[in-house]
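For the sequence shown, my numbering assigns the number 706 to the initial residue and increments by one for each residue that follows.
For each residue, glycine too, the CB sits at the ideal point set by N, CA and C.
This one's a predicted model, so the numbers in the text were calculated from it and none came from an experiment.
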Amino acid sequence: MNEILERRACVTGIGQSDVGRRLGRDPLELTLDACLAAIEDAGLERDDIDGLATYPGIMIGNPGFTGAGITEVHDALRLKLDWFTGGPELPGQLGSVIDACLAVACGLARHVLCFRSVWESTAQGEGGRAGIGLDGIGKGGSGKRPRTGGGMMEFTLPFRSYSAANWIAMYAQRHFHEFGTTREQLAQIALNARRNAEVNPNAIYREPMTLDDYLAARLISTPFCLYDCDVPVDGATAMIVSHVDAARDCRKPRLRVESVGSALRGRPSWDQFDDLTTMALRDASAMLWERTELTPADVDVAELYDGFSFIAMAWLEALGFCGKGEGGPFVEGGTRIARDGEIPLNTHGGQLSAGRLHGYGFLHEACVQLWGEGGERQVAGDPRVGVAAAGGGPLGGCLLLVRD
706 MNEILERRAC VTGIGQSDVG RRLGRDPLEL TLDACLAAIE DAGLERDDID GLATYPGIMI
766 GNPGFTGAGI TEVHDALRLK LDWFTGGPEL PGQLGSVIDA CLAVACGLAR HVLCFRSVWE
826 STAQGEGGRA GIGLDGIGKG GSGKRPRTGG GMMEFTLPFR SYSAANWIAM YAQRHFHEFG
886 TTREQLAQIA LNARRNAEVN PNAIYREPMT LDDYLAARLI STPFCLYDCD VPVDGATAMI
946 VSHVDAARDC RKPRLRVESV GSALRGRPSW DQFDDLTTMA LRDASAMLWE RTELTPADVD
1006 VAELYDGFSF IAMAWLEALG FCGKGEGGPF VEGGTRIARD GEIPLNTHGG QLSAGRLHGY
1066 GFLHEACVQL WGEGGERQVA GDPRVGVAAA GGGPLGGCLL LVRD
């Protein structure tokens, strides 16, 4: 086998800003808080940082979707960079971290600062969330005027299918139809997230939730109810990706990148994928296991994207924690995915209860668990192998981490 280049990379530090609903703080300020915390956590100085990576960078027309771009952070921290990248056309949000792994593996940088920030909650003001297919017009981007659009939007906008909530819901409906999945089973993703959030002091929603509470919530897009949808917040997450040799200078045990998954072997489409019971995460997961001798049975903790609850179920299947179509029975009752279960899932509360940090929060939590820093939510048994994954639809990226 050829050398697995990402094994030259490791995570050496993590940081997170305040996370909350409508904090009203400058998004660049939140971003810098997370970045400086990550540098300090790794035991480094700003002068040690010679690489910078983010997703998606500055985007126009999506209020609050991004808090800062490469240029702003580069200048604010007065960094001297040998390598940097930022952009939306990646294999999911963690594609920027995968890029950083390859940069240090190839010798383009020694310590890459990766960051992702959002301020969707403040940007929305007092209004509701605007769908992807809607213009954010008016106060806080709360207007709901349909956009004109090409590509997929030509076929979804006439049917008022504006949002990823609609699109992912259709994947879930297909899964329900083919495999007999039920809402009561799907509910366990949200209920597990809330149980974990109850013991996470930084989570947004910590009040206990029952199955009756879940089933009584208003429907958003069948079969999704309110609790199947993630929680917009303001906040930033950052991490340091270092070359394994440079990690010797850092203060914490290195979390080595065992393998990454970034493949997309189907069509790059939300609505024309070849199997509408799964998504791009099918291919990213396959690639992850093709690049390692470890197996799903070796994983101690799984932090899997739950922008909508079904995506986490689809990741469980794609990563091989259960068979294809078996996600419903696997999560039924919630015991297998609990913190003391077969595969502890989204131990911080995920985006459904801890808040939508858009992908980076899952890698942050995987590191927290592997370093044993989870406090009340810490998984027992000294976890050493963790998987973090982000993305849905035609986007998906994942990393397998091992604590040396």
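(message) Among the candidates PRO732, LEU896, ALA1095, whose CA atom is the shortest distance from the CA of GLY966?
(response) ALA1095
(message) I need the DSSP call for PRO732, collapsed to helix, strand or coil.
(response) helix
(message) Beta-carbon within less than 6 angstroms of LEU1009's beta-carbon, same chain only, minus the 5 sequence neighbours each way: which residues are those?
(response) ALA1017, TRP1020, ALA1094
(message) DSSP has GLU1008 in a bridge; who is on the other side?
(response) ALA1093
(message) If you measure between the beta carbons of LEU784 and ASP755, is that distance less than 9 angstroms?
(response) yes
(message) For ALA714 and VAL904, what's the separation of their Cα atoms in angstroms?
(response) 32 angstroms
(request) Using a threshold of 9 angstroms, state whether the C-beta atoms of TYR867 and ALA895 are closer than that. (result) no
(request) State the DSSP-derived secondary structure class of LEU749, mapped to helix, strand or coil. (result) coil
(request) Find the nearest neighbour of THR771 within the set ILE744, LEU735, GLU1078, judged by alpha-carbon distance. (result) LEU735
(request) Give the secondary structure of PRO937 by DSSP, where H, G and I count as helix, E and B as strand, and everything else as coil. (result) strand
(message) Please list the terminal residues of the continuous alpha helix (DSSP H) segment that includes SER801.
(response) 800–810
(message) Please state whether the Cβ-Cβ distance between GLN1074 and THR1052 is less than 9 angstroms.
(response) yes
(request) Compute the Euclidean distance between the alpha carbons of GLY841 and ASP950, then round it to the nearest angstrom. (result) In this predicted model, GLY841 has a pLDDT of only 48, less than 50, meaning its place in the structure is not dependable enough to derive any value.
(message) Could you give the first and the last residue of the continuous alpha helix (DSSP H) run that contains CYS1072?
(response) 1065–1075
(request) May I ask you to report which of helix, strand or coil DSSP gives MET914? (result) coil
(message) Tell me the DSSP secondary structure of THR827 in three-state form.
(response) helix
(request) Write down every uninterrupted run of the alpha helix (DSSP H) in the stretch 935–1020 whose length is 4 residues or greater and which is fully enclosed by it, in chain order. (result) 986–995
(message) Tell me which residue opens and which closes the alpha helix (DSSP H) that ALA908 is part of.
(response) Segment: none, ALA908 is in no alpha helix (DSSP H) and carries neither H nor E.
(request) Can you give me the Cβ contacts of LEU728 inside the same chain, cut-off strictly under 7 angstroms, excluding the 5 residues immediately before and after it? (result) THR827, ASP939
(request) Just tell me which of ALA1071, PRO1034, PRO793, GLU1047 has its CA closest to the CA of VAL716. (result) ALA1071
(request) Report all residues from its chain with a CB closer than 7 angstroms to the CB of GLY787; omit the five preceding and five following residues, and keep chain order. (result) For the record, residue 787 in the displayed sequence is Asp; it is not Gly. Excluding positions up to five away in sequence, the list reads ASP755, GLY756, LEU813, ALA814.
(message) So if DSSP puts GLY720 in a beta bridge, which residue, or which two residues, is it bridged to?
(response) ALA943
(message) Quick check: the stretch 761–768 against the stretch 738–747, are at least 3 beta-carbon pairs closer than 8 angstroms?
(response) no
(request) Confirm, please, whether the CB-CB distance from ARG1061 to PRO906 is below 9 angstroms. (result) no
(request) Out of ILE803, ASN707, ARG1044, point me to the one whose CA is closest to GLY1080's CA. (result) ARG1044
(request) For MET944, I'd like the list of residues in its chain whose CB is within less than 6 angstroms of its CB, leaving aside the five on either flank, ordered along the chain. (result) VAL716, ILE719, ALA743, CYS819
(request) Classify CYS811 as buried or exposed, calling it buried when 16 or more other Cβ atoms lie within 10 Å of its own Cβ. (result) exposed
(request) Have a look at LEU993 and CYS1103 and give me their C-alpha separation to the nearest angstrom. (result) 7 angstroms
(request) Indicate whether GLY1086 and LEU1105 have their beta-carbon atoms separated by less than 9 angstroms. (result) no
(message) Less than 9 angstroms between the beta carbons of GLY1055 and TRP872, yes or no?
(response) no
(message) Counting C-beta neighbours from all protein chains within 10 Å, is the total for THR915 16 or more, i.e. buried, or is it exposed?
(response) exposed
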